[in-house]
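2 protein chains.
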Amino acid sequence: MIRINQELLTFFSKLSGSSAGSSVMEKRFATGNNIINQGKHVTSVFIIKNGIVKCIVNEENGRDFIQEFFSQDEILGELEIFNNTISFCNVEAITEVEAYHINKKDFYALLENHRELNILLLRALANKVRDTAIRASQQQSHPIAYNLQKLLVFSADQARLFSKQDLANYLGITLRSLNRAISELNGVPKES
Amino acid sequence: MIRINQELLTFFSKLSGSSAGSSVMEKRFATGNNIINQGKHVTSVFIIKNGIVKCIVNEENGRDFIQEFFSQDEILGELEIFNNTISFCNVEAITEVEAYHINKKDFYALLENHRELNILLLRALANKVRDTAIRASQQQSHPIAYNLQKLLVFSADQARLFSKQDLANYLGITLRSLNRAISELNGVPKES
DNA sequence: AAATCAAAAGGACATTTGTCCAAACGGCAG
DNA sequence: CTGCCGTTTGGACAAATGTCCTTTTGATTT
Numbered sequence: 008m009i010r011i012n013q014e015l016l017t018f019f020s021k022l023s024g025s026s027a028g029s030s031v032m033e034k035r036f037a038t039g040n041n042i043i044n045q046g047k048h049v050t051s052v053f054i055i056k057n058g059i060v061k062c063i064v065n066e067e068n069g070r071d072f073i074q075e076f077f078s079q080d081e082i083l084g085e086l087e088i089f090n091n092t093i094s095f096c097n098v099e100a101i102t103e104v105e106a107y108h109i110n111k112k113d114f115y116a117l118l119e120n121h122r123e124l125n126i127l128l129l130r131a132l133a134n135k136v137r138d139t140a141i142r143a144s145q146q147q148s149h150p151i152a153y154n155l156q157k158l159l160v161f162s163a164d165q166a167r168l169f170s171k172q173d174l175a176n177y178l179g180i181t182l183r184s185l186n187r188a189i190s191e192l193n194g195v196p197k198e199s
Numbered sequence: 008m009i010r011i012n013q014e015l016l017t018f019f020s021k022l023s024g025s026s027a028g029s030s031v032m033e034k035r036f037a038t039g040n041n042i043i044n045q046g047k048h049v050t051s052v053f054i055i056k057n058g059i060v061k062c063i064v065n066e067e068n069g070r071d072f073i074q075e076f077f078s079q080d081e082i083l084g085e086l087e088i089f090n091n092t093i094s095f096c097n098v099e100a101i102t103e104v105e106a107y108h109i110n111k112k113d114f115y116a117l118l119e120n121h122r123e124l125n126i127l128l129l130r131a132l133a134n135k136v137r138d139t140a141i142r143a144s145q146q147q148s149h150p151i152a153y154n155l156q157k158l159l160v161f162s163a164d165q166a167r168l169f170s171k172q173d174l175a176n177y178l179g180i181t182l183r184s185l186n187r188a189i190s191e192l193n194g195v196p197k198e199s
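Taken in sequence, the protein lines are chains A and B.
When we follow our numbering, the leftmost residue of the first sequence carries the number 8, and every step to the right adds one.
When we follow our numbering, the leftmost residue of the second sequence carries the number 8, and every step to the right adds one.
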């Protein structure tokens with residue numbers, strides 16, 4: 008459920024240590040703070056060094072939907088930079104987060120000067136599309152119990168970091184439904 | 008609902024006409040034929056010149072979920088090429104389709120030799136992520152009636168091309184539920 | 001025109017999920 | 001220790017959606 012794949016992080020940390028790395032800056036975010044705000048412009052991309060964030064879409068009807076939990080090596084803000092759009096979600100630090108960030112202009116310069124970065128990003132984006140699409144399909148096509156089990160398997164270790172409300176928002180259901188599904192999973196498997 | 012954005016198509020059609028274009032081939036698909044098969048390897052990318060396709064995920068429980076309808080200028084197969092994975096969906100021609108296709112090796116060569124192609128693809132992918140994510144969020148967070156209205160607005164002109172089953176599969180609901188939602192939209196707005 | 005077939009529409013009932021609350025629990029400030 | 005507040009849990013009922021079928025419609029063939 009949380010992708011891990013060191014290649015982007017490796018690229019930027021090497022760069023950061025080199026003479027060409029002046030454009031790569033670092034920043035910390037405390038638990039609960041927003042890294043990106045829905046509806047606002049995004050002026051730089053972020054690469055998470057460590058920590059966990061959640062990407063939350065706030066719908067007009069008041070519901071929050073969690074797109075993904077992101078962690079180490081994940082890139083943020085690139086969608087908005089590439090298409091020059093405002094952000095469609097909030098990105099909030101669940102734990103303390105350390106991240107590299109590079110402003111738009113410098114980021115484009117890096118793309119010009121580092122061939123390999125283009126491929127790394129193409130791969131990262133292709134992966135995001137795939138994961139997002141697969142999840143959408145599964146969540147739409149299966150009952151809550153099924154989706155919940157999948158989620159619990161993948162988030163077993165981080166589970167304590169997520170509130171029940173977060174899990175419900177990730178599954179696109181209400182807290183009540185989540186609780187019902189959990190108790191059916193454990194206790195009474197729904198009397199036939 | 009169907010992205011249109013000429014830049015990729017323009018790039019490949021120019022290339023196709025030039026001396027460097029030997030790697031760009033063309034192919035036609037009749038209505039109902041598959042361009043890409045779920046679970047199979049993908050050996051080339053496709054760029055649609057014209058026609059409409061649907062991208063369908065077949066879930067293990069027998070349900071079909073339509074990820075997107077693709078049309079002119081859309082690229083297919085790039086996710087699988089970049090991450091070397093099998094396809095997670097079927098891509099089927101809804102109308103007759105004409106497409107360029109480029110095999111994996113040649114595609115990577117084009118990326119090497121045409122700087123601007125990298126950016127075009129990064130933009131295209133960023134767009135796909137964004138659209139996919141936004142749709143997932145909306146469909147999960149709103150009732151059928153709301154999603155149906157949005158869909159009807161965007162597909163007003165192509166509507167006749169889509170069967171009711173297609174629309175239901177796009178919305179991730181059953182045909183019965185779609186019919187109910189449609190008749191409530193028109194006729195009786197659900198007695199209070 | 002009659003027969004045939006697939007797509008579309010909808011009735012009746014079951015199941016799932018949401019809404020609205022109230023009760024229990026757990027950490028923490030005073 | 002006590003009170004407070006946010007999180008978690010779950011009851012009771014309402015609304016939405018799915019399942020299973022039958023009927024209707026419309027195009028096509030014979």
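We treat Cβ as the ideally placed atom computed from N, Cα and C, and that holds for glycine.
Values in this document were obtained by computation on a predicted structure and should not be read as measured data.
Rounded separation between residue i and residue j - CA only
| i | j | result |
| --- | --- | --- |
| A:Ser190 | A:Asn40 | 32 Å |
| A:Ser30 | A:Thr102 | 26 Å |
| B:Gln146 | A:Tyr153 | 18 Å |
| B:Ile54 | A:Gln165 | 40 Å |
| A:Val136 | A:Ser26 | 34 Å |
| A:Glu66 | A:Leu86 | 19 Å |
| B:Phe36 | B:Gly179 | 27 Å |
| B:Glu33 | A:Ala163 | 48 Å |
| A:Asn97 | A:Gly84 | 11 Å |
| B:Leu16 | B:Asn57 | 10 Å |
| A:Phe169 | A:Asn120 | 40 Å |
| A:Leu192 | A:Ser148 | 19 Å |
| A:Asp113 | B:Asn125 | 17 Å |
| A:Ser20 | B:Leu155 | 46 Å |
| B:Leu158 | B:Gln45 | 25 Å |
| A:Glu14 | B:Phe77 | 31 Å |
Chain-order list of residues whose beta-carbon lies under 6 Å from that of residue i (same chain, five-residue window excluded)
| i | result |
| --- | --- |
| B:Ile73 | Lys61, Ile63, Asn176 and Tyr177 |
| A:Asp71 | Ile63, Asn65 and Asn176 |
Closer than 8 Å at the beta carbon, the chain B residues around residue i
| i | result |
| --- | --- |
| A:Lys21 | Those do not exist, as A:Lys21 stays about 20 Å from chain B at its closest Cβ, beyond 8 Å. |
| A:Ile141 | Val64 and Phe95 |
Cutoff 7 Å; reference residue i; Cβ partners in own chain excluding five residues on either side
| i | result |
| --- | --- |
| B:Gln172 | Leu182 |
Own chain, CB closer than 8 Å to residue i, minus 5 neighbours either side, in chain order
| i | result |
| --- | --- |
| A:Lys47 | Ile93 and Ser94 |
| B:Thr38 | Ala100, Ile101, Thr102 and Glu103 |
Within chain A, partners of residue i - CB distance below 7 Å
| i | result |
| --- | --- |
| B:Ser144 | Val64, Glu66, Phe72 and Gln74 |
Partners in chain B for residue i, counting only beta-carbon separations shorter than 7 Å
| i | result |
| --- | --- |
| A:Ala133 | Glu85, Leu86, Phe89, Asn90 and Leu132 |
Chain-ordered neighbours of residue i on chain A, where CB pairs are closer than 9 Å
| i | result |
| --- | --- |
| B:Arg137 | Leu86, Glu87, Asn90, Thr92 and Phe95 |
| B:Gln116 | The identity of residue 116 of chain B in the sequence shown is Ala, whereas the question assumes Gln. Residues of chain A passing the Cβ test: none, with the nearest at roughly 13 Å. |
Residue i: contacting residues in chain A (beta-carbon distance under 8 Å)
| i | result |
| --- | --- |
| B:Ile55 | What B:Ile55 touches in chain A: nothing, since even the nearest Cβ is about 17 Å away. |
| B:Ala37 | By Cβ distance, chain A contributes nothing, its closest Cβ being about 26 Å from B:Ala37, past 8 Å. |
According to DSSP, residues forming a beta bridge with residue i
| i | result |
| --- | --- |
| A:Ile63 | A:Ile73 and A:Asn97 |
| A:Asn57 | A:Glu105 |
- Which of the residues in the segment 146–166 of chain A, read from start to end, lie with their CB under 7 Å from any CB of chain B? Gln146, Gln147, Ser148 and His149
- Using a Cβ cut-off of 8 Å, which residues of the segment 99–110 of chain B contact any Cβ in chain A, in chain order? none
- Using a Cβ-Cβ cut-off of less than 7 Å, list which residues of the segment 166–188 of chain B approach chain A; keep chain order. Gly179
- Check distances from the C-beta atoms of the segment 119–131 of chain A to those of chain B and list, in chain order, the residues that come in under 7 Å. Asn125, Leu128, Leu129 and Arg130
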